[in-house]
Structure formats: structure tokens, C-alpha cells
Amino acid sequence: MTISDDVHVPGAVASRRSLITLRDVAVHYPVKEGVLQRVTSHVKAVDGVSLTIPRGSTVGLVGESGCGKTTLGKVIAGLESPTSGDLWFDLDPSDAEDVDRLRGRDPKSMSGEDREAWQRLQGQHRLGSMSREFQRRYRRNCQVVFQDAFSSLNPRQLVRDIVGRPLRVYNEASGENLNQQVLELLERVGLGPQHLLRYPHQFSGGQRQRISIARALALNPEFIILDEPTSALDVSVQAQILNLLVSLQHEFELTYLFITHDLGVVEHMSDEIAVMYLGRLVEQGPTREVFDNPFHPYTEVLRDSNPSLTGDSVADGHRRLTGSVPNPIDPPTGCRLHPRCPVAVSTCGWRVDDVLEQLEVSSPASFEGIEAVVRSSEFSALIRLTDDDASRAMAEEVTDLRGTLGNVEIDVRREGKELRVNLPEVDDITLEVIEPGRMSACVHAQSGNWWNN
Amino acid sequence: MAHDALLRVEGLTVDFQTSRGLARAVDDVSFSIKRGETLALAGETGCGKSVTARSILRLVPQPPGIYSAGSIYFQGIEESEPLDVLEASEQQVRALRGDRIAMVFQDPSKALNPALTIGRQLGEVFAEHREASVFESAGLGSRSRGASRYLRHRGGLVRRTAYRFTHPSATKRLTEALDERVLQALADTGVPNPRKVMTSYPHELSGGMKQRVMIAQALACDPDLLIADEPTTALDVTIQARILDLLSELQERKGTAILYITHDLSLVRQIADRLAVMYAGRIAEIGDCRDLLSAPLHPYTQGLMNAIPRAETKRGELAAIPGTVPVLIDAPRQCHFVSRCAWAGKACTTHIPGESHPLPDRLVSCLRFESAAAVGAAPGDMPQQYASAEVTT
Amino acid sequence: MTAVMGEQSSSVDPNTAPRHSASSVRWARRLEVFREVLRNPLTVIGFVIIILFLLMAIFAPLLVGANEPDPYQSPRDWANIDVPPGEAGHVLGTDSTGGDVLYGIVWGSRLSLQLSLTVVISTLVIGTIVGSVAAMRGGRVDNFLMRIVDVFLAIPELIFALAIAAVLGPSFRNIILALAVVFWVKYARIIRGEIIRVKQTDYVAAAKVVGDSTWNVYRKDVLPNAITPMVVQATLDMGNVVLIGAALSYIGLAQAGLTEWGAMVSAGQSGILAGQWWVSTFAGLAILLWALAFNLVGDGLRDVLDPKTEGR
């Protein structure tokens with residue numbers, strides 16, 4: 001699922017070389033309970049993300065808190081290992097094809113040629129199985145600028161040592177030569193010699209972020225992950241930093257992954273945008289197109305929640321999400337947004353838990369009358385109530401609920417004081433190509449029936 | 001002064017004692033809010049907007065804060081005369097707080113007591129300020145001291161339990177009347193399952209829900225003025241949109257005036273009638289919100305609007321305001337924006353700009369709108385004047 | 001638009017001050033912190049008292065002479081037993097064996113210094129090692145080590161020290177040992193908590209992203225930022241150790257007749273009823289002042305070094 005060659009990425013180098021390629025990356029944290037610390041469930045922080053970051057471009061990763069974008073950033077930075085999936089560095093188009101072709105296959109079943117290619121690819125390009133030399137190369141070329149400028153600089157180190165650290169670690173320079181190089185880096189980000197021997201707390205937020213950027217540039221990387229670099233800064237300072245980032249990108253031919261929740265910033269800075277919700281990508285494509293014409297209701301709501309300054313922001317008419325973000329331990333089936341989505345329909349993946357949640361809100365009295373719920377699957381369960389009258393009343397209420405659940409077909413059968421509830425089974429809904437260069441994980445987009453008319 | 005002004009801040013000046021000298025956080029700030037209107041007070045970190053807001057309820061701790069000058073006149077619907085909050089007695093101010101003027105803070109987790117259920121906390125507001133009407137709904141004619149103490153959770157656990165034993169029906173009715181109020185307040189703010197929320201503790205609720213509870217608590221007594229200090233900054237943007245919807249809706253229904261503090265100019269358009277922009281402790285510009293945003297006159301406001309990233313702006317060319325906010329300790333008597341202003345003239349370093357009215361409903365504090373004669377400076381020292389032809393909407 | 005003062009919280013303006021060498025900058029910072037600490041008058045008082053005790057300990061032979069063969073036994077003036085302060089050439093009086101109280105106080109300060117320094121330094125080192133290993137390794141190692149720490153912590157300090165010292169036999173050295181065994185766990189726990197907190201910061205993540213080795217990250221980023229509460233605790237413990245040590249020797253776990261303050265309090269106890277207050281009182285005062293001084297300094301340090309207010 002690479003971005004097709006039809007898409008023009010402004011400012012990119014002619015070759016469509018992918019700097020970072022993610023395939024089905026997942027990060028699941030085990031939840032341990034009890035005295036014996038047994039693993040009972042997993043927090044699915046990232047649950048199957050595939051993404052390509054082309055060389056020379058700026059890709060924006062947007063989402064709200066809890067969507068997993070910071071975790072994903074950490075995985076790409078090498079700070080965390082994915083539970084499953086793989087990450088490839090610096091693949092040219094033919095390598096990329098080979099990777100996609102050979103990924104799922106058992107090495108023993110491959111031809112000799114293929115096996116050799118696969119070994120080479122793994123040893124040189126795959127994070128986690130790279131040889132030492134290539135791993136070093138990866139580390140040098142992938143740097144991070146963190147959000148909180150205050151906590152990303154060691155309060156006990158001088159600026160010179162902070163910025164010069166990367167150079168020291170790789171034995172690039174020492175002594176006076178080091179001072180000189182650090183000075184050049186500081187000047188490049190708009191600071192000066194008087195800042196060399198100072199402690200971080202003596203600087204303002206904007207200046208600290210510049211120091212952070214200088215550190216990231218020390219080893220002349222190809223790729224920088226910017227995790228909310230300006231979220232903690234005032235607007236006027238933010239503008240300075242953003243301008244700096246752009247000029248650095250041109251001067252050093254950098255590739256950026258811009259992680260943020262601020263749509264205004266991402267709209268301004270990125271060529272492509274990937275929207276994330278509850279551990280998955282819901283939409284992907286060129287920034288301008290995605291915002292002008294979103295292919296996923298979440299993107300639309302996100303866009304409309306950021307009112308623009310000029311122009312008519314008529315708040316009524318804008319769709320909103322209901323409820324709040326569900327627990328990532330047990331994310332909704334089908335499309336993860338469906339319990340909160342303003343335009344959900346019957347095929348979005350409704351399950352028994354959704355029915356129960358709605359019941360709790362709309363008829364709390366009868367909800368209290370439930371004695372037990374025996375689930376045979378996410379979509380089918382047996383509800384035991386106190387008596388026949390209760391089950392009859394509930395059967396009616398459940399049927400009435402259909403409207404709020406996207407008009408999904410709920411099959412309700414009464415057996416005395418028990419109710420058997422069946423919903424249509426729906427598979428996980430994932431990103432699919434809708435148009436060249438644009439992907440969406442919404443059933444509306446995938447079936448061609450648009451909701452926004 | 002307009003007759004229906006609810007709040008009138010005149011020349012408010014607040015200083016802080018610091019180890020390095022006297023820092024002037026708020027410098028001669030004046031504005032007014034009419035009944036039922038929403039005024040947004042916007043500015044970046046350190047501009048003094050929070051201190052201004054807290055001064056209205058006299059919440060600035062003294063020391064290190066000092067109310068050096070100015071008055072804050074509040075005239076609620078029931079009052080016949082305006083009251084100067086800064087001069088009033090402690091008792092008078094406490095009667096105002098929560099009842100006639102309420103406040104919602106940025107971080108709901110810090111403002112809610114983690115050890116009490118939501119129902120209990122909200123109940124306290126009603127018990128404190130609406131005791132009479134609670135008793136009435138409970139059908140209890142007289143308010144005995146014991147009953148009053150029971151309602152307000154005073155007097156210790158032993159006494160209260162004893163009271164409950166000796167007056168079972170009265171206490172039951174009181175509790176029900178109180179719960180009824182709480183449920184209504186929660187439902188008014190769109191909380192989906194009020195009964196469940198009432199029995200929950202703050203940590204069991206999401207950020208957006210907690211903020212709704214805060215708003216419910218603030219509006220419980222139908223205050224005339226609600227001060228919202230960056231209420232949505234800590235929330236996700238989709239939740240933020242819903243909270244703003246809620247505030248607009250509640251304002252329409254109850255007619256509450258709102259003072260909305262924020263650093264995010266893009267929010268302001270949705271919620272505010274009028275907008276005041278602050279910089280370095282002073283008001284730079286006030287006017288009708290939409291008009292101001294589409295045609296800002298003060299150089300700072302212009303710079304701020306240009307600095308906000310938009311898709312239309314060419315990348316790398318965001319008009320950043322150079323420099324940083326000056327330190328306001330023993331600050332010189334001049335325009336504080338002078339070191340960053342593209343139009344600055346010599347007079348700007350020697351004179352503090354007064355209030356100009358280039359448009360009927362616009363106040364700007366900038367020497368560009370004043371004549372050399374009025375200021376008392378040499379014409380050559382004045383910044384480039386705004387041509388009257390430019391001053392159109 | 002160039003001479004704009006940036007927002008900063010130190011007294012030096014980083015935008016205009018000239019550059020010095022790195023070590024001079026570091027010392028300047030330490031001096032700044034030190035000056036900040038000395039702002040509190042109580043802390044200054046504590047410092048003064050400590051310095052006085054230090055001088056007393058160092059110059060003991062000059063102040064009161066050294067007794068032969070064991071300077072830690074007070075010279076016995078059998079002609080003047082139970083003499084009240086000011087008489088017969090004994091400024092603070094004598095005890096029931098004719099031992100000079102002043103002599104005991106002065107030489108006792110040496111013992112106190114020895115006791116507190118030995119215990120604090122050894123427990124600091126052991127605690128740091130154990131706590132660091134636990135926090136940096138995590139997982140089972142952490143679990144195992146912390147369970148041991150929990151067991152130690154479950155026993156009240158004084159009782160525990162008492163039990164150990166009693167088992168080992170009465171001697172000053174054994175008191176030191178007992179206290180060391182009891183006190184190290186506190187430091188292990190403190191530093192473990194701090195390291196865990198520091199490990200989650202972005203600057204540690206930044207160091208890892210750069211690719212620095214775990215040892216370097218520990219040495220440069222983790223340890224320097226985790227050590228602050230330890231310094232505060234160590235200062236406080238300099239006082240507390242003497243307090244508890246005195247309690248132990250009061251009970252009789254030190255050698256007889258030793259010029260140790262706790263032993264002196266104990267020795268003078270029987271005389272109180274007979275009106276001979278000076279032995280216990282002066283020795284007790286010495287203990288009090290010592291503990292108080294270190295507590296004042298420790299509190300002062302804590303106020304200044306608290307990470308919440310540090311380097312805003």
C-alpha cells in the first residue's frame with residue numbers, strides 16, 4: 001500500500017524512494033493482574049498501522065489523545081519495539097515491491113534468488129534485524145524533537161554538552177572542534193555563542209525548542225520525527241519555530257514526520273496527512289485534498305472542530321462525535337469510531353456491548369433488571385432477566401434501539417425470561433484505496449455511498 | 001457607562017512582589033461586560049488575562065499580589081447598586097462567589113475534590129447557596145439549625161448520623177430534594193447518564209465529562225456572570241467543540257454573561273460577541289469579535305493573526321512576530337510592544353498609548369491612532385499614522 | 001529589535017553575558033544554588049552549628065587535650081567526682097567517676113562525626129547500587145530486590161538496630177554496623193523511585209535515540225537527576241543517625257565509659273534524682289543540637305532542591 005506514482009508531492013526529490021515504510025505495526029501492552037501477575041488483556045495502543053513516508057516530504061500524523069500517535073512515533077524512533085509488524089528504512093521502489101511480495105511468505109518456500117534478496121533486505125533495511133553497521137546508520141539518520149522543550153533537555157547539562165552529545169557518542173568530534181561544530185549548529189537555529197555554556201532553565205520555551213532542534217541536526221540526519229514540537233508554545237513563537245523547520249528542511253533535504261493534534265499547523269506544514277484514531281489509521285492522502293474533501297467522518301469532525309478565523313464558521317450544521325474515547329483494551333469491532341459516529345450505518349460493526357451501553361442510557365430501569373449476560377461472541381449473547389415481563393419489555397426496547405445503532409438488524413428472540421440477541425458479524429474494517437493516493441477506512445467511502453451531501 | 005453593564009473593570013492594576021522587584025501583571029485595564037453577552041479576553045502566556053479574571057472574584061493571593069489601583073464594579077440583576085469587588089468586605093465577596101459570579105478553570109481534575117462523589121460536590125453548591133429553596137422543595141417549612149447543618153455536611157459524622165436517626169423523614173426528603181437539583185443541573189449540561197455520574201468519583205470520568213460537571217457546578221445557582229479560564233485547553237479538539245456548543249446553548253437559555261479567557265484566537269469566533277486582546281498586561285484592542293478578527297487594527301493583533309498557521313500561507317513564510325515579551329519588572333513608561341513593532345516611532349518609547357476610537361465600536365491602544373498634538377510629541381517622532389481611508393471595515 | 005530581554009528565570013541574561021569556560025560556569029551555578037540555600041536564616045543557623053561541631057571535632061586535642069592511652073575515655077579526676085559546672089576547674093562539671101563533662105562532649109563530637117559519616121556514606125553507596133540495579137533492570141530483578149527492601153522496611157528502625165547491635169555485642173563499631181544494615185534500604189527505595197521517574201523523561205529518551213549506551217545514559221542523565229532527594233535525605237540522616245546511635249549507646253550497647261554522648265546521658269541518669277543534672281543535660285543538649293543542625297540544613301536544601309521548583 002504505497003502511495004502511487006500519480007501523486008505529486010511538492011518539494012520532494014524526483015525519486016519516489018521511501019524513507020520509512022511501516023507494515024501492520026502493532027504495539028500491545030500486556031495488562032497484568034493478580035498476585036501471579038497473569039496477563040489478562042492487552043492495551044492495543046497501536047493496532048495495525050501501515051504507512052509510507054517518502055523521502056523529502058513532510059507527513060503529518062494527526063489524532064487526539066489516546067490515538068496512539070506518540071507510541072507510533074516512539075516505534076519509528078526505535079525507542080520501542082513493535083509487538084508485531086515491521087519497519088523498513090530507505091527502500092527504493094524495487095526493494096519496496098520485493099518487501100510487499102515476500103513479506104508473508106515462509107523463507108523455505110522461496111526461490112534461492114528470492115531468499116537471498118530477502119536476507120539482504122532484512123539485514124540492511126529492517127529495523128530489528130539490521131546488522132550492527134546498518135543499525136548505527138539508522139540511529140544516525142533518524143532523530144527526534146520532543147514536545148516539551150523543558151523535559152527534553154537534561155537540566156544538569158550545559159547546552160554545549162546537550163547539543164554535542166550526538167557528536168560525542170559517534171566520536172565525530174571532540175575538544176575545540178566539538179565546540180566549533182556545536183556553535184555552527186546553534187547559529188543555524190538562531191542562537192549564538194553566548195548560549196553555549198548555559199543551562200536549559202535559563203532559556204525561554206522557544207529557545208529551548210531551538211536547542212532541541214540543533215541537537216537533532218547534529219549528526220546530519222535524513223529523517224526527523226517531530227512530536228508536537230510547538231504545542232506548548234505561544235502562537236508567535238510557534239510561527240518562528242515553524243519557519244525555522246521549513247528552512248532547515250530545504251537546506252538539509254530533510255524528511256519530517258510531524259505528529260500533532262493541531263490541524264492548523266499540520267495543514268500548513270505537511271504534504272500528506274494520516275489521521276489516526278484508537279490505534280488505527282482512518283484516512284490518508286495529500287493534505288489539501290483530505291481537508292477539502294474528507295473521506296472519513298472522523299476527519300470531517302476533526303476539521304470542523306477547528307474553526308477558522310475568517311470565513312463563516314456556522315457551528316450548527318457541523319457534525320459532532322458523541323460519547324468519549326473507548327478503552328483501548330477492548331476497542332469497538334468493525335470501524336472503531338462507530339459507537340460515536342454521527343453517520344454510522346448498519347454495516348459499521350455493531351456488537352452486543354453497544355446495545356447494552358445504549359440500554360443503560362436510554363432505559364436504566366430495565367437495564368438494572370439484567371441478571372446476567374452470556375456472550376458467545378462479540379455479536380451474539382444471551383441476556384437473562386428477572387422474569388418474563390422484564391424480558392418482554394426489554395425485547396421491545398432492544399428493537400426500538402435500532403434507530404440509534406445505525407438501523408442495524410438486531411435479531412431478538414425471547415425464551416421465557418431469557419433473550420437471545422444476534423447481530424450481523426462484521427470483520428475489522430481497514431484502510432483501502434479509494435482513489436489513487438487516497439485511502440480511507442470508512443464503509444461509506446469504500447462502498448462509494450457518500451454521507452456528506 | 002452603559003446602564004445595563006453587568007461588570008465594569010476600570011483601570012485595574014495588579015502587581016506582584018518578586019525577588020527581583022515589583023512585576024506589573026495587569027496595567028490599567030478597563031473593559032465592561034453587558035448582561036447576557038460574551039466577552040473573550042485573549043492573549044498569549046503572561047499577558048495578564050488570568051490575573052485579570054481572578055481579580056474579578058478577588059482570588060489573587062495577597063501577598064504576593066497587590067491590587068495597586070482600579071475598581072471592579074459588579075451589578076447583578078438583583079442588586080440595586082454596583083459593588084466594587086476590590087473594596088467590598090470578605091463576606092460580600094464570598095456571597096458573590098459561586099452564586100452571582102461563577103468560575104470554571106482550565107484543569108477540571110485539579111478543581112474537583114478526588115475524595116468526594118460528584119453528587120456530593122454539586123450538592124454542596126446548592127446546600128451553600130440555595131438552602132431556602134431546597135428546604136421548600138423538601139416540604140419543610142422551618143429550617144432548624146440541625147437540618148441546615150445536616151444538609152451542609154457540618155457538625156461531624158456522629159451528630160449527623162444522630163440527626164438522621166431522630167429525623168428520618170425530614171432528612172430523607174432533604175436528600176431527595178438536593179439530589180433532584182443535582183440531577184437537573186447535570187442533565188442541563190448534557191451529561192448522558194446523570195444518575196450514574198452523580199455516584200461516580202472524579203477519576204472515573206473523562207476530561208470532557210469532568211468539564212461538564214464543572215460547568216454544571218458553576219451554573220448551578222444561575223449566576224449572572226460566568227468566568228471561564230481556558231476551560232477547553234486541556235481537552236481534545238472534538239470534545240472542545242462540544243463544550244463550546246454547550247456554553248453557547250446554556251448562555252442562550254439562561255442569559256448568563258460569559259468572560260472567556262483563551263490564548264487561542266480561532267476559538268473566539270465561535271463563542272464571543274466581543275473580543276479584547278491583551279499584551280504585556282495591557283489591553284491592545286477591544287471591539288466586536290467578528291469585525292475585529294476580519295480587520296484588526298493594533299499591530300500586535302495583526303501580527304498574531306498573521307502568525308497563526310493556515311493552509312493559504314506559503315510554507316516557511318508565517319509572519320512571525322520577532323523578539324519576545326518583555327520582562328515587566330520596573331518596566332519603563334512606554335508602549336510594551338515597541339521592540340517588536342514594525343511601525344514603531346521614537347514617541348512610542350516615551351509615551352504610553354491612550355485609548356483611541358478609530359471606529360464606532362473599536363478601542364485601540366496605539367499611538368498610530370493618536371495625533372502628535374494630542375500626545376504632546378514631535379510629529380517626526382510619531383509612528384506612521386493610520387490613514388483615515390484605511391479605517392474601513 | 002536586537003536588545004530584547006528574553007523571558008528567563010536566572011539573574012544572568014543569557015543573551016548578552018560574555019562566555020566563560022565550562023567549569024567556571026558550573027561552579028557559578030553551584031554557588032548560585034548555595035547562595036539560594038543560605039537565604040533561609042534557619043539554614044544558616046544549622047550550618048553555623050555544624051561548622052562549630054566540626055571544628056570541635058578536628059581540634060579536640062587542642063581544646064581539651066588527649067587522654068592516654070585511649071582519648072575516648074575521659075580522664076578521671078577521682079578527687080572531684082560529681083562536681084557541678086564551674087567548680088574545681090571543670091567548666092561543665094564531672095560525672096560520678098570524675099570524668100570531665102566538657103572533655104566528653106568534645107571528644108564525643110569526633111565519635112558522632114565518625115558514626116554519622118561512616119553510616120551515611122556506606123548506606124548511600126550500597127543503597128544507590130541496589131536501587132540503581134533494581135530500577136535500571138526492572139522486571140524480576142527489581143521485584144526481587146524490592147521485596148527484600150520491603151522486609152527490611154517493615155521492621156521499625158530503632159528496634160531493628162537494637163536487635164542487631166545486641167546480637168553483635170556491645171561496642172561502638174557494632175553500633176555503626178547495625179545502623180548501616182538498617183539504613184541502606186531507605187536510600188535504595190528513594191533512588192529507585194527517582195530513577196523510575198527520570199527514566200520516563202524526554203531527555204533520557206533523547207539520549208537513547210542518539211544511541212548512547214545504557215551506562216552512559218545512567219551516568220550522565222539518570223543519576224545526576226535522581227540524586228537530589230538522596231542528598232537531602234543524607235543530610236537529614238547525618239543528624240538522625242547520631243540520634244539513634246545515641247539511643248543505642250544509652251541502652252548500654254556501647255563500651256562502658258566511652259565519651260559518647262548517648263553513653264554519657266545514660267551514665268548521668270542515676271545522678272539526676274540526686275540533683276546532678278549536668279552530665280545528662282549537656283550530653284543531651286549536644287545530641288539535640290547536632291540533630292537539629294542537620295535537620296535545619298536538610299530542610300533548607302530540600303526547599304531549594306525540590307525538583308518542582310528547581311530550574312523553572
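Chains as they are written, first to last, in the numbering used here: chain A, 1 to 453; chain B, 1 to 393; chain C, 1 to 312. A virtual CB, placed ideally from N, CA and C, is assigned to each residue, including glycine.
Among the residues of the region 170-200 of chain C, none has a Cβ less than 7 angstroms away from any Cβ of chain A.
Separation of P332 (chain B) and Q302 (chain B) (C-alpha to C-alpha, rounded to the nearest whole angstrom) is 24 angstroms. Ranked by Cα distance from G271 (chain C), the options C:P71, C:D82, C:F53 are led by C:D82. Listed in chain order, the alpha helix (DSSP H) runs fully inside the region 344-379 of chain B are 372-375, counting runs of at least 4 residues. With respect to A66 (chain C), V106 (chain C) sits apart: the two C-beta atoms are not nearer than 8 angstroms. Residue pairing by DSSP puts R438 (chain A) in a beta bridge opposite A:E435. Assignment of Y279 (chain B) by DSSP, reduced to helix, strand and coil, places it in the strand class. The three-state reading of DSSP puts A239 (chain A) in helix, counting H, G and I together.
Per DSSP, the continuous alpha helix (DSSP H) segment holding K110 (chain B) begins and ends at 108-111. Looking at the backbone, the Cα of P114 (chain B) and that of L205 (chain B) are separated by about 11 angstroms. In the three-state reduction of the DSSP assignment, F59 (chain C) falls in the coil class, being assigned neither a helical nor a strand state. Under the three-pair Cβ rule at 8 angstroms, the region 76-96 of chain A does not count as touching the region 284-298 of chain A. Contacts with chain B at 8 angstroms (Cβ-Cβ) include D234 (chain A). Bridge pairing for V46 (chain A): A:V27 [DSSP]. Secondary structure of A218 (chain B) (DSSP, three-state): helix. As DSSP reads the structure, E418 (chain A) sits in a beta bridge with A:R384, A:E415. Closer than 8 angstroms to the CB of A205 (chain C) there is at least one CB belonging to chain A. With respect to the C-alpha of G11 (chain B), the residue from B:I283, B:A311, B:L122 having the closest C-alpha is B:I283. Scanning the region 330-408 of chain A for uninterrupted beta strand (DSSP E) segments of 3 residues or longer gives 370-377, 380-385, listed from N- to C-terminal end. Per DSSP, reduced to three states, the secondary structure at S133 (chain B) is helical. Taking CB atoms only, S81 (chain A) has no neighbour in chain C less than 8 angstroms away. Each residue's CA atom was taken as its position, placing R310 (chain B) and C289 (chain B) some 20 angstroms apart. Listed along the chain, the chain C residues whose CB falls inside 8 angstroms of the CB of D148 (chain A) are D202. The C-alpha of L302 (chain A) is placed about 6 angstroms away from the C-alpha of T238 (chain B).
Remark: C-beta atoms of L253 (chain C) and P156 (chain C) do not approach each other more closely than 8 angstroms. Put simply, of B:D236, B:A280, B:M214, B:R242 the residue whose alpha carbon is nearest the alpha carbon of D229 (chain B) is B:M214.
The contact set of Y29 (chain A) on chain C, defined by CB atoms closer than 9 angstroms, is empty, because the minimum CB distance reaches about 14 angstroms. Taking 8 angstroms as the upper bound on Cβ-Cβ separation, chain A lies near residues I239, Q240, A241, R242, L244, D245, S248 of the region 239-252 of chain B. Chain-ordered, the chain A residues with CB closer than 8 angstroms to the CB of N193 (chain B) read E360, V361, P364.
Taking L117 (chain C) as the centre and dropping the five residues before and after it, the same chain places the C-beta of M238 closer than 8 angstroms to its C-beta, in chain order. DSSP places G323 (chain A) outside any beta strand (DSSP E), giving it a letter other than H or E. Taking 8 angstroms as the CB threshold, P224 (chain C) lines the interface with chain A. Uninterrupted alpha helix (DSSP H) stretches at least 4 residues long and entirely within the region 199-267 of chain C occur at 202-210, 214-217, 223-226, 228-251, given in chain order.
Excluding its 5 nearest sequence neighbours in each direction, L275 (chain B) has C-beta neighbours in its own chain below 6 angstroms: A40, V268, C289, L292, listed in chain order. Between G285 (chain A) and E272 (chain A), the C-beta spacing is below 8 angstroms. With the criterion set as a beta carbon lying under 9 angstroms from some beta carbon of chain C, the members of the region 53-83 of chain A are K74, A77, G78, L79, in sequence order.
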